[in-house]
Amino acid sequence: MESSAESVPLDIVCFSDIFWDALWQRHQQLFTRFPSNWRILFIEPTSIPVLLKQPKRLFTRKHLNIEIVSLPSIPLIDRSENLRWINDSLISFWLRFILKQKNMKEPVLFYYEPRYSTLIGKLQEKMVVLDYIDDKLAFSNVPSWMKKYLDNLIEKANLVFVASSYLHNNILKTRKNDVYLIGNGVDVDHFKKAMTDIPIPEDIAHIKTPIVGYVGALSDWVDFDIIRAISKEYPDFSVVLVGPEFPSVKNEIDSLKQYPNIFILGVKPYELLPNYIKAFDVCIIPFKINELTLSSNPLKFYEYISSGKNVISTNLPEVKQFDHAIYVANNLDEFLQFVPVSLNTKVNVEEVLKITEENTWGRKSEKMIKLIIQKLEH
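Heads up: the sequence shown begins at 49 in my numbering, then just goes up one per residue.
Encoded structure:
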C-alpha cells in the first residue's frame with residue numbers, strides 16, 4: 049500500500065449490488081485493501097421483506113474499517129416510475145440519518161448499483177465513482193427502466209472504472225474523460241495454496257478422478273449443455289460444480305442431478321476454495337457467449353491459474369488474450385476435445401504465475417486509490 053494513500057483520510061459510501069457476505073468478489077477484494085484510515089459504509093441492496101426474514105441485516109456489522117448496513121426499500125414500488133420517489137425518499141432519509149450519526153461529511157459516493165444515482169448531488173459528496181463491472185442491463189432480472197439510472201450515473205460520475213475491454217469500448221461511446229480500465233484480479237497467495245499440501249475436503253475426497261471442476265455461480269450465463277456433454281462424452285470422469293444455485297436455472301440444475309458422474313456441492317467458504325480446486329484435475333469456464341458474458345472478466349480464470357491448474361474456457365474476449373496459457377474453445381466439440389488434452393499436459397506454472405502476478409488485487413486497488421486521490425487533488 050502506498051504511504052501517500054494512508055495520509056489522506058476519506059469517507060466512502062458504497063451503493064452495492066451484492067450482500068457483503070455473498071460470494072467474495074471484486075467489491076470485497078478491493079475494499080479490504082483500501083487504506084485503513086478510509087471509513088467505508090457499504091450499503092447492501094435490500095428490501096423490507098428481506099429484513100423481516102433476516103432481521104440481523106438491520107444492524108450495522110463491521111469488517112475492518114468497513115461498516116455494512118442495509119437500507120430498506122419497499123418492493124414492487126420501483127415498477128412504477130411515478131412511485132419510485134418513495135424509495136428514493138426512504139433511502140435518502142435513512143442514509144442522511146446514518147451519515148449524521150457517524151459524522152461522515154462530504155463522502156465519496158462509490159457505485160455498483162445504479163438505482164440510487166438519484167442521490168448524486170444530495171449528500172454533499174466530494175466525488176462520485178462508478179465501478180462498472182458487468183453489462184448491468186444484460187442481466188435477466190434487471191428491468192429495462194434501470195437504463196435511465198445507469199445513464200445518469202455514467203454521465204455524472206467524476207471517475208469511472210471498468211472491468212473489461214468490452215465495457216471500456218462501450219462507455220467510451222458516451223464519455224471520453226476519466227474512464228480507466230481496471231480488470232479483475234486475484235489473491236495469488238490464497239489460491240497458490242492449491243499447489244501445496246492442504247487437505248482435500250471430505251465431500252470431494254471420495255469422488256472418482258479425474259475431476260473436471262467448476263467454481264462459481266450456477267446461473268443464466270452458464271452453458272449447461274457443455275456440462276451435460278462432458279458428462280456423456282467422458283462417463284468415467286467426474287464433473288464437480290461448486291457454488292450457489294440461482295433459482296432462475298432450477299430446471300437446468302435439476303436436469304444435471306440425473307447424471308451419475310455430476311456432483312453439485314453447493315456454496316463453499318472462500319477460505320476453502322483452494323482446497324476444492326486442489327482436487328480438480330482440470331478447471332472449466334463453461335460460459336455462454338452473449339451480451340452479458342462478452343463484458344465479463346471472470347474472476348475464476350485468475351483463481352484457477354493461480355492454483356496451478358489447466359483451464360478450458362469458452363471464447364470470452366477477456367480470456368481469449370491468454371490463450372497461450374489456457375485452452376480457449378470456439379465451440380462445443382473443441383471444448384470436449386480439450387478435456388483429455390488438458391489432462392495430459394503439464395501446466396506451465398511460470399507462464400501462468402507471470403499473468404497472476406500482474407493481476408493481483410493489491411495492484412488493482414493501488415491503481416484505484418491513486419486515481420481517486422489524484423482526482424480529489426485536482
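For each residue, glycine too, the CB sits at the ideal point set by N, CA and C.
Residue i, enclosing beta strand (DSSP E) - first and last residue
| i | result |
| --- | --- |
| F94 | Reading the sequence as shown, one finds Thr at residue 94 and not Phe. Looking at the DSSP string, the run of the beta strand (DSSP E) that includes T94 is 86 to 95. |
| I360 | 359 to 362 |
| A377 | 375 to 377 |
| F209 | 207 to 210 |
| L391 | Looking at the DSSP string, L391 is not in any beta strand (DSSP E); the run it does join, the alpha helix (DSSP H), is 380 to 391. |
| L58 | 58 to 63 |
| I325 | Careful: I325 lies outside any beta strand (DSSP E), inside the alpha helix (DSSP H) at 321 to 327. |
| I332 | 330 to 333 |
| L340 | Note, L340: premise wrong, no beta strand (DSSP E); alpha helix (DSSP H) at 339 to 342. |
| Y214 | No beta strand (DSSP E) holds Y214; the alpha helix (DSSP H) holding it covers 213 to 219. |
7 Å Cβ shell around residue i - same chain, five flanking residues per side excluded
| i | result |
| --- | --- |
| Y318 | W72 |
| S413 | L78, R81, F82 |
| D65 | P93, Y160, E161 |
| W269 | F335, K336, L340, T341 |
| K170 | S140 |
| I246 | P322, N323, K326 |
| T404 | V234, V236, Y350, I353, S354 |
| Y214 | L342, S343, P365 |
| N113 | S84, W86, R87, I88 |
Same chain, Cβ closer than 8 Å to residue i, neighbours up to 5 away in sequence not counted
| i | result |
| --- | --- |
| S52 | Per-residue confidence for S52 stands at a pLDDT of 42, beneath the threshold of 50, marking its modelled position as unreliable; no derived number is given. |
| I125 | L131, R132, I134, N135 |
| F311 | I252, I255, S286, V287, V288, L289 |
| V367 | I333, P346, F349, S361, I374, V376 |
| I96 | P120, S121, I122, P123 |
| V297 | L266, S267, D268, V270, F272 |
| L477 | This structure does not reach residue 477, given that the chain is present from 49 up to 426, and the question cannot be answered. |
| L313 | D251, I252, V288, L289, V290, Y324 |
| L99 | R105, L106, S118, P120 |
Presumed contact (8 Å Cβ cut-off) between residue i and residue j, rounded CB distance
| i | j | result |
| --- | --- | --- |
| E281 | L384 | 5 Å |
| I168 | L157 | 7 Å |
| W68 | H111 | 7 Å |
| I230 | K415 | 6 Å |
| N206 | V176 | 5 Å |
| R74 | M152 | Between M152 and R74 the Cβ distance is about 23 Å, and since that is not below 8 Å, they are no contact. |
| L380 | I274 | 6 Å |
| V208 | I202 | 7 Å |
| I259 | D371 | Actually they are not in contact, since the Cβ atoms of I259 and D371 sit about 23 Å apart, beyond 8 Å. |
| L424 | K174 | 6 Å |
| P388 | L320 | Not quite, the Cβ-Cβ distance comes to about 28 Å (not below 8 Å), so this is no contact. |
Extent of the continuous alpha helix (DSSP H) to which residue i belongs
| i | result |
| --- | --- |
| V395 | Per DSSP, V395 belongs to no alpha helix (DSSP H) and is neither H nor E. |
| H238 | 236 to 240 |
| V190 | Looking at the DSSP string, V190 is not in any alpha helix (DSSP H), and its letter there is neither H nor E. |
| I417 | 409 to 425 |
| I252 | 250 to 253 |
| Y262 | From DSSP, Y262 is part of no alpha helix (DSSP H) but of the beta strand (DSSP E) over 259 to 263. |
| L229 | Taken as a continuous stretch (DSSP letters only), L229 belongs to no alpha helix (DSSP H), being part of the beta strand (DSSP E) at 227 to 229. |
| L347 | 347 to 354 |
| R74 | 74 to 79 |
| P365 | 365 to 368 |
Burial state of residue i, where buried means 16 or more other Cβ atoms lie within 10 Å
| i | result |
| --- | --- |
| E129 | exposed |
| P57 | exposed |
| S267 | buried |
| W193 | exposed |
| G264 | buried |
| I181 | buried |
| F20 | Because the chain is modelled from 49 through 426, residue 20 falls outside the range shown and cannot be assessed. |
| E50 | Bear in mind that a pLDDT of 40 at E50, under 50, signals an unreliable position, so the model cannot answer this. |
| D271 | buried |
| V400 | buried |
| R105 | buried |
| Q102 | exposed |
| H216 | buried |
| P191 | exposed |
| S84 | exposed |
| L178 | buried |
Residues of its chain near residue i, where Cβ-Cβ distance is below 6 Å and the 5 sequence neighbours each way are ignored
| i | result |
| --- | --- |
| L89 | V61, E115 |
| C331 | G261, Y352, K357, V359 |
| F63 | I91, Y159, E161, Y164 |
| R109 | I116 |
| S212 | S343, N345, E366 |
| Y307 | S279 |
| P292 | A265, V315 |
Q. Of all the alpha helix (DSSP H) runs that stay within the bounds of the stretch 269 to 314, which reach a length of 4 or more residues?
A. Fully enclosed alpha helix (DSSP H) runs of 4 or longer: 272 to 281, 298 to 304.
Q.
Which runs of the beta strand (DSSP E) at least 3 residues long sit entirely within the stretch 96 to 177? Give them in chain order.
A. List check, beta strand (DSSP E) in window: 109 to 111, 114 to 121, 156 to 159.
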